[in-house]
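Under UniProt numbering, read the sequence shown as residues 1 to 296, first letter to last. Virtual Cβ for every residue (Gly too), placed ideally from N, Cα, C. Please read all numbers here as calculations on a predicted model, not as lab measurements.
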Amino acid sequence: MSAPVLFDLPGPRARARIRVATVIGALLVVAIVAFVLVRLGRNGQLDPQRWSVLFDPNSGVPQALWQALLRTLRVAAVGMVFATIFGLLLAVGRLSDHRVVRVAVTTVIEFFRAIPLLVVIFALYFVLPSFGIRLSTYAALTIGLVLYNMAVLAEIFRAGILSVDRGQSEAAYGIGLRKAQVMRLVLLPQAVRRMLPVLVAQLVVLLKDSSLGFIIGYFELLRQARSLVEFFTPRFGNEYTFQLYVAAGLIYIIVNVLLSQLAKYIERRSRRSPKTAATHAVDLTDLPSATGQTSI
Numbered sequence: 001m002s003a004p005v006l007f008d009l010p011g012p013r014a015r016a017r018i019r020v021a022t023v024i025g026a027l028l029v030v031a032i033v034a035f036v037l038v039r040l041g042r043n044g045q046l047d048p049q050r051w052s053v054l055f056d057p058n059s060g061v062p063q064a065l066w067q068a069l070l071r072t073l074r075v076a077a078v079g080m081v082f083a084t085i086f087g088l089l090l091a092v093g094r095l096s097d098h099r100v101v102r103v104a105v106t107t108v109i110e111f112f113r114a115i116p117l118l119v120v121i122f123a124l125y126f127v128l129p130s131f132g133i134r135l136s137t138y139a140a141l142t143i144g145l146v147l148y149n150m151a152v153l154a155e156i157f158r159a160g161i162l163s164v165d166r167g168q169s170e171a172a173y174g175i176g177l178r179k180a181q182v183m184r185l186v187l188l189p190q191a192v193r194r195m196l197p198v199l200v201a202q203l204v205v206l207l208k209d210s211s212l213g214f215i216i217g218y219f220e221l222l223r224q225a226r227s228l229v230e231f232f233t234p235r236f237g238n239e240y241t242f243q244l245y246v247a248a249g250l251i252y253i254i255v256n257v258l259l260s261q262l263a264k265y266i267e268r269r270s271r272r273s274p275k276t277a278a279t280h281a282v283d284l285t286d287l288p289s290a291t292g293q294t295s296i
């Protein structure tokens with residue numbers, strides 16, 4: 001059966017208007033880029049000598065940016081792993097049949113969703129020492145990212161699980177599967193592909209939020225760029241300020257694009273895999289029953 005049509009296909013006139021609007025939009029973007037480049041050229045910001053500092057090992061800039069990138073990726077990787085694990089556990093807890101568990105988990109989720117991430121990081125780094133708990137800048141930033149993003153990811157996981165047709169779980173219960181088996185074998189495989197784009201988008205946000213380590217002195221990319229600017233300013237003024245911040249921004253963009261491409265690759269693989277294809281019904285006769293046998 002063909003997919004339902006949610007909108008009318010554009011006619012010849014609509015397609016012509018779309019083409020005209022596309023051309024006008026492209027010309028506008030080109031004009032803006034050209035204007036910016038002209039202004040930068042007049043200010044001498046496009047001088048090759050200014051950009052060469054980013055690639056000159058004698059300046060120490062490439063080494064400093066590389067180390068900052070590694071520190072950023074370390075925080076982001078640890079934060080992504082633990083935020084995803086805790087987020088999944090919280091999502092399952094919020095779907096629990098036990099009211100006490102649901103209320104407790106919901107309170108945790110809503111609490112950390114309501115508090116700005118910056119406040120969480122500040123509390124971990126500046127407030128906890130008054131209770132005798134001192135965290136390093138790395139630990140405060142990582143824990144803050146995990147606490148905030150696990151709450152957001154929990155809602156993403158919960159929405160993905162609830163988006164699966166109820167008939168899937170009812171059929172699974174009908175052949176004798178327990179709730180844990182239904183969640184692991186039926187609901188999660190179908191929900192993963194549906195929530196993958198949103199999940200990756202939130203992980204990209206987590207990576208960018210690692211720049212908040214700047215506030216507590218953690219030398220991630222933004223803080224390192226600022227440190228380099230402060231180092232060069234007494235000797236060269238603002239000659240390299242623009243280039244250093246642009247380099248940090250481009251590194252963020254490249255890493256985020258690579259992460260998005262990885263997500264697309266995983267999505268394509270999952271689409272070809274019958275075990276994780278969310279658009280097809282699961283063949284429940286192939287799933288193990290509660291007794292560990294296959295239904296016939």
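Could you check whether the Cβ of residue i sits closer than 7 Å to any Cβ belonging to chain B?
| i | result |
| --- | --- |
| Thr22 | Of the chains in the structure shown, none is chain B; there is only one protein chain. |
Using only alpha-carbon positions, find the residue among the options that is nearest to residue i.
| i | options | result |
| --- | --- | --- |
| Leu124 | Ala139, Pro116, Phe111 and Asn238 | Ala139 |
| Leu117 | Arg50, Ile254, Ile215 and Leu54 | Ile215 |
| Gly144 | Val127, Ala159 and Gly160 | Val127 |
| Gln45 | Glu267, Leu244, Ile251 and Gly25 | Leu244 |
| Arg184 | Gly60, Leu88, Val75 and Pro62 | Leu88 |
| Ile85 | Leu54, Leu147 and Ala68 | Leu147 |
| Ala248 | Arg42, Arg15, Thr72 and Ala26 | Thr72 |
| Val205 | Arg166, Arg13 and Met80 | Met80 |
| Trp66 | Phe157, Leu228, Ile121 and Arg194 | Leu228 |
| Ala180 | Arg74, Asp97 and Gly60 | Asp97 |
| Ala83 | Ala154, Gln49 and Thr137 | Ala154 |
| Ile115 | Leu90, Val152 and Ser59 | Val152 |
| Leu90 | Val75, Arg113, Ala26 and Val30 | Arg113 |
| Phe136 | Val29, Val75 and Arg178 | According to the sequence as given, residue 136 is Ser; it is not Phe. Nearest of Val29, Val75 and Arg178 to Ser136, Cα basis: Val75. |
| Lys264 | Gly11, Arg194 and Arg50 | Arg194 |
| Pro62 | Gln261, Arg268, Leu259 and Ile251 | Ile251 |
| Ser52 | Asp165, Phe242 and Ala31 | Phe242 |
Apply the 10 Å Cβ neighbour rule to residue i and answer buried if 16 or more other Cβ atoms are within range, or exposed otherwise.
| i | result |
| --- | --- |
| Thr279 | The pLDDT assigned to Thr279 is 42, lower than 50, so where the model puts this residue is not dependable; a value taken from the coordinates is nonetheless given after this. With fewer than 16 other Cβ atoms within 10 Å, it is exposed. |
| Val36 | exposed |
| Thr142 | buried |
| Thr22 | exposed |
| Asn149 | buried |
| Gln224 | buried |
| Val119 | exposed |
| Leu9 | exposed |
| Phe111 | exposed |
| Phe55 | exposed |
| Leu222 | buried |
| Phe219 | buried |
| Arg94 | buried |
| residue 297 | With the chain represented from 1 up to 296, any question about residue 297 goes unanswered, as that position is not in the structure. |
| Ile121 | buried |
| Ala68 | buried |
| Ile156 | buried |
| Tyr240 | buried |
| Leu203 | buried |
| Gly292 | Residue confidence is low: Gly292 scores 42 on pLDDT, short of 50, so the model does not pin down where it sits. No coordinate-derived value is stated. |
| Leu177 | buried |
| Val92 | buried |
| Val29 | exposed |
| Val38 | exposed |
| Val182 | buried |
| Ala16 | exposed |
| Val20 | exposed |
| residue 306 | Residue 306 cannot be examined here, being either before or after the span of the chain that is shown, 1 to 296. |
Taking contact to mean at least 3 C-beta pairs separated by less than 8 Å, is the stretch 191 to 211 in contact with the stretch 226 to 239? no
On the three-pair Cβ rule with 8 Å, is the stretch 102 to 111 touching the stretch 165 to 173? no
Is it a yes or a no for the stretch 247 to 256 touching the stretch 91 to 103, going by three-plus beta-carbon pairs under 8 Å? no
Stretch pair the stretch 186 to 195 + the stretch 149 to 161: three plus CB contacts closer than 8 Å: yes
Counting only runs of 4+ residues fully inside the stretch 218 to 261, write out the alpha helix (DSSP H) ranges in chain order. 221 to 236
Would you check if the stretch 196 to 208 and the stretch 130 to 138 touch, i.e. whether three or more CB-CB distances between them fall below 8 Å? no
At 4 residues or longer, and completely inside the stretch 64 to 123: list those alpha helix (DSSP H) runs for me, N to C. 99 to 114 and 117 to 122
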